[in-house]
Amino acid sequence: MLLILCASLCFGCTSPETETPNETETPAETPETEAAPEPTGEEIQAYVMEEDNYKNWELWPGTGELDPGKGPHGDQIAIYVSDSALSAIEEKADVMPANSTVLKEGYDSEGELISVVVMHKVEGFDPAYNDWFWLEYDAEGEIISEGKVLSCQNCHARQANNDYLFTEDL
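FYI, the numbering for the sequence shown is 111 to 280, going by our numbering.
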C-alpha cells in the first residue's frame, strides 16, 4: 500500500509529455513597442496611413485643424503627432525618441488638401540630422520626395538645437 501511495505521488505530480510547458506571455504591441517601419517612403506612408492611422493621433499641443501656415507647406496646416512624439513634447524631452512621427497636412486657402509631409525618426538613419527620415506626398498619395531630402534638411537645420522642429521648443 505504501509503495502504491509513493508511486502515485511521484507519477501523479508529473506532467504528461504532450503537455506544453508554461510559456511567458508577451505584452500586446503598443505604439512604443511595435515594430518600426522600414526607412522607405512607401513603408512610412503605409505606417502613418494604415498601420497607425495618423487621423487617430493628437494634434500638436496648442495647435488646431487648419491653422494658418507660415512656411512652404500650405496656407493652412494641421500637425499630428504619434504617441511617442506627444510624450516627448509633453515631457520637454529635448529630442524625440526613435519611431516618433510628426505629420503635417498642408491645405490651400480654400481648405483643399495639397500635400502631407512627414518627419519620422529612424534610429541610425541619418545621425547628422538626428535620424529624421523626410517624406512628402501629394493629396492622391503619390510620393514627391523621401529619405535624406536636402531641401527639408537645409530649412530645418535652422532648428538643429530643437531636434529640427519649428513648432515649439522641446
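The beta carbon of each residue, even a glycine, is placed where N, CA and C say it ideally should be.
By the three-class DSSP mapping on this structure, what secondary structure does Asp248 have? strand
Need the endpoints of the alpha helix (DSSP H) that Gln263 sits in, please. 260 to 266
Taking the C-alpha atoms as reference points, what is the distance between Gly251 and Asp204? 32 Å
Jot down the residue ranges of each uninterrupted alpha helix (DSSP H) in the segment 191 to 226, minimum 4 residues, whole runs only, in chain order. 193 to 200
Minimum length 4: unbroken alpha helix (DSSP H) runs contained in the segment 148 to 199: 151 to 156
Comparing C-alpha positions only, which one of Ala145, Thr150, Ala146 sits nearest to Ile253? Thr150
Any idea if Gly172 is buried or exposed, counting beta-carbon neighbours within 10 angstroms, 16 or more meaning buried? exposed
To the nearest angstrom, how far is it from the Cα of Leu156 to the Cα of Leu280? With the sequence shown as reference, residue 156 is identified as Ala, and Leu is not the correct amino acid for it. For Ala156 and Leu280, the distance between alpha carbons rounds to 27 Å.
With burial defined as no fewer than 16 other Cβ atoms inside 10 Å of the residue's Cβ, what is the status of Glu175: buried or exposed? exposed
Ile254 - partner residues in DSSP beta bridges: DSSP output for Ile254 lists no bridge partner at all.
Bridge partners - Phe276, DSSP secondary structure assignment: Note: Phe276 sits in no beta bridge, so no partner.
Distance, Phe235 Cα to Lys202 Cα: 23 Å
Taking DSSP's pairing of strands, which residues face Phe243 in a bridge? His230
With 16 other CB atoms within 10 Å as the buried threshold, where does Leu260 fall? exposed
If you reduce the DSSP assignment to three classes, tell me which class Ala146 lands in. coil
Measuring only the C-alpha atoms, how far is Pro141 from Glu148? Any reading at Pro141 must be qualified, since the residue scores a pLDDT of 45, below 50, and its modelled position is unreliable; the value itself is stated next. Going by the C-alpha atoms only, they are around 15 Å apart.
Does Glu215 pass the burial test, meaning 16 or more other C-beta atoms within 10 Å, or should it be called exposed? buried
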